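A short write-up of the structure that comes next.
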Amino acid sequence: MYPQEDNKFKKSCPPFNWYIFLSFIFSQTETTKIKENSHTKWRWLPPIMNHAWPTHPFQGPSCQDKRPNLSEIINHGVPKELCQKVLAVVTEFFQLPPEERAQYLTKNHSKQVKVFNYYQKYDGIGKVTMWSETFSHPWHPTEDFTHLLPTNPPQYREVFAEYARAIGVLFDRLLSLISRGLGLDKDCLKRRIGEKPGLNTQANYYPACPDPELTMGMPDHNDLGSIAVLLQVEGVTGLQVIKDGKWLTVDPVPDAFVINLADQTQVLSNGKFKSVGHRAITNKLLPRLSLGMFYTPNNDTVIGLVEDLIDEENPPEYRKYSFKEYMEEFYKQEGKRRRVKEAFELQR
Numbered sequence: 001m002y003p004q005e006d007n008k009f010k011k012s013c014p015p016f017n018w019y020i021f022l023s024f025i026f027s028q029t030e031t032t033k034i035k036e037n038s039h040t041k042w043r044w045l046p047p048i049m050n051h052a053w054p055t056h057p058f059q060g061p062s063c064q065d066k067r068p069n070l071s072e073i074i075n076h077g078v079p080k081e082l083c084q085k086v087l088a089v090v091t092e093f094f095q096l097p098p099e100e101r102a103q104y105l106t107k108n109h110s111k112q113v114k115v116f117n118y119y120q121k122y123d124g125i126g127k128v129t130m131w132s133e134t135f136s137h138p139w140h141p142t143e144d145f146t147h148l149l150p151t152n153p154p155q156y157r158e159v160f161a162e163y164a165r166a167i168g169v170l171f172d173r174l175l176s177l178i179s180r181g182l183g184l185d186k187d188c189l190k191r192r193i194g195e196k197p198g199l200n201t202q203a204n205y206y207p208a209c210p211d212p213e214l215t216m217g218m219p220d221h222n223d224l225g226s227i228a229v230l231l232q233v234e235g236v237t238g239l240q241v242i243k244d245g246k247w248l249t250v251d252p253v254p255d256a257f258v259i260n261l262a263d264q265t266q267v268l269s270n271g272k273f274k275s276v277g278h279r280a281i282t283n284k285l286l287p288r289l290s291l292g293m294f295y296t297p298n299n300d301t302v303i304g305l306v307e308d309l310i311d312e313e314n315p316p317e318y319r320k321y322s323f324k325e326y327m328e329e330f331y332k333q334e335g336k337r338r339r340v341k342e343a344f345e346l347q348r
């Protein structure tokens, strides 16, 4: 541990009073890894232009070679002004007085609307809290969910309802394109994920950090659902993706969404698409905001490989499971570097 540095962090930490009891500092071994991996710039795929979508952007070498699938898309149909409005109103939420945000503060995973902090456990130092604050709540493209949302900022509900409608259209297109990229009918993945998916948003706020080489904004993880659509504030770097054992930084692209195919898509596709391990580093000069919209099976959904993707050359890689079973395994691994889908791999 670094006692002096830890004290420095607590003086500048996000302003909930109980934060002074937390540790944000990693072990020397972990901070060495952060220093070694925090400066390489990288782009996995060029932005996918809207007019090129009919040619199946999720088809081709990345699918055939079973490589991780993360894309940045532009000309996606969501108005730039709407993206700017939703980032602005979410930023306003995080700028509210701490006592107002604290009404949503909880450690109860079942709460629909919540503010919380991520953490990870490490041998020798125990629990390390991430240098970030997360606000999570449901969303839906057509059903009314806004009564669950804050009334302050005053425009939060109206802006988020408009954004949810636009993102719902985008998810429908993505699911169709991914299905067709696998050689399936366009509605296949949407059917397999279920008629009533879990729709959740997660806004992550990363305050300016006194020493980015000693802590993290978000731990290494894979998304648990099917697809995530991430909107990032421009001009501030933070997202990193693992490739060949190294962490590589993905700079924000103006007017672009990051599309991340998550664990359930990897399982449904029998590994033809790979869920991407990612994390967030911190920034000494500027705060950073990201807004993730998630499309996830509900607990009753049975996740099983699409039979048309299995043959002698492509035997099944995972057993069937309910998403409830997946989530039970997810919570068993609380505080660790979760490897949940691996628990359902078939032995060969």
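Mind the numbering: the sequence shown is residues 1 to 348 in the UniProt record's numbering, read in order. Don't be surprised by glycine CBs; every beta carbon is placed ideally from N, CA and C. All values reported here derive from a predicted model rather than from experimental measurement.
From the DSSP output, in three-state form, read off residue i for me.
| i | result |
| --- | --- |
| Gln202 | strand |
| Phe93 | helix |
| Ile73 | strand |
| Leu82 | helix |
| Arg191 | helix |
| Met216 | coil |
| Gln345 | The sequence as given places Glu at residue 345; Gln does not occur at that position. Residue state, collapsed to three classes: strand. |
| Leu291 | strand |
| Arg339 | coil |
| Leu105 | strand |
| Ser62 | Any reading at Ser62 must be qualified, since the residue scores a pLDDT of 41, below 50, and its modelled position is unreliable; no value is offered. |
| Leu305 | coil |
Is it buried or exposed for residue i, if we count other Cβ within 10 angstroms and need 16 for buried?
| i | result |
| --- | --- |
| Gly235 | exposed |
| residue 351 | Any question about residue 351 goes unanswered here, given that the chain covers just 1 to 348. |
| Ser269 | buried |
| Val340 | buried |
| Val267 | buried |
| Thr265 | buried |
| Gly126 | exposed |
| Gln310 | The amino acid occupying residue 310 in the given sequence is Ile; Gln does not appear at that position. Exposed, since its Cβ has fewer than 16 Cβ neighbours within 10 Å. |
| Lys190 | buried |
| His137 | buried |
| Asn204 | buried |
| Asp223 | buried |
| Arg337 | exposed |
| Gly77 | exposed |
| Lys274 | buried |
| Thr106 | exposed |
| Val115 | buried |
| Gly181 | buried |
| Pro212 | buried |
Within the continuous beta strand (DSSP E) that includes residue i, where are the two ends?
| i | result |
| --- | --- |
| Lys114 | Lys114 to Phe116 |
| Arg101 | Careful: Arg101 lies outside any beta strand (DSSP E), inside the alpha helix (DSSP H) at Pro98 to Arg101. |
Going by alpha carbons, who is nearest to residue i out of the options?
| i | options | result |
| --- | --- | --- |
| Gly271 | Tyr318, Ile178, Glu99 and Thr151 | Tyr318 |
| Thr151 | Asn299, Tyr326 and Glu92 | Glu92 |
| Val128 | Phe135, Pro138 and Asn117 | Asn117 |
| Val241 | Leu261, Leu82 and Glu342 | Leu261 |
| Glu72 | Val302, Val169, Ala208 and Ala256 | Ala256 |
| Lys243 | Glu100, Pro219 and Val276 | Val276 |
| Phe294 | Met218, Leu174 and Asp144 | Leu174 |
| Leu133 | His140, Arg279, Val302 and Leu289 | A quick correction: the sequence has Glu, not Leu, at residue 133. With distances taken between Cα atoms, Glu133 lies closest to Leu289. |
| Pro141 | Ile167, Lys196, Lys121 and Met130 | Ile167 |
| Gly194 | Thr237, Val302 and Glu342 | Val302 |
| Ala228 | Asn200, Val253, Glu213 and Gly245 | Asn200 |
| Glu329 | Thr146, Ala343, Lys320 and Val113 | Ala343 |
| Lys80 | Asp211, Phe171, Tyr156 and Gln232 | Gln232 |
| Ala164 | Leu177, Glu213, Gly335 and Leu230 | Leu230 |
| Asp172 | Pro197, Arg279 and Leu82 | Pro197 |
| Pro252 | Gly225, Ser226, Ala280 and Lys246 | Ala280 |
| Pro297 | Pro315, Arg192, Glu307 and Val258 | Arg192 |
| Asn283 | Glu99, Met130, Asn108 and Val89 | Met130 |
| Asp308 | Thr237, Ser179 and Phe145 | Ser179 |
| His109 | Ile74, Met327, Ser322 and Gln120 | Met327 |
Taking only heavy atoms of the ligand SAM into account, decide whether any of them is closer than 8 Å to the Cβ of residue i.
| i | result |
| --- | --- |
| Ile73 | For the ligand SAM, the structure offers nothing, since it holds no ligand at all. |
Handout entry: In chain order, each alpha helix (DSSP H) run of at least 4 residues that lies wholly inside the stretch 119-184
Key = 156-181
Problem - beta strand (DSSP E) runs contained entirely in the stretch 220-280, provided each spans 3 or more residues - result: 227-232, 239-243, 246-249, 257-261 and 278-280
Handout entry: Complete runs of the alpha helix (DSSP H) confined to the stretch 308-337 [at least 4 residues]
Key = 323-332
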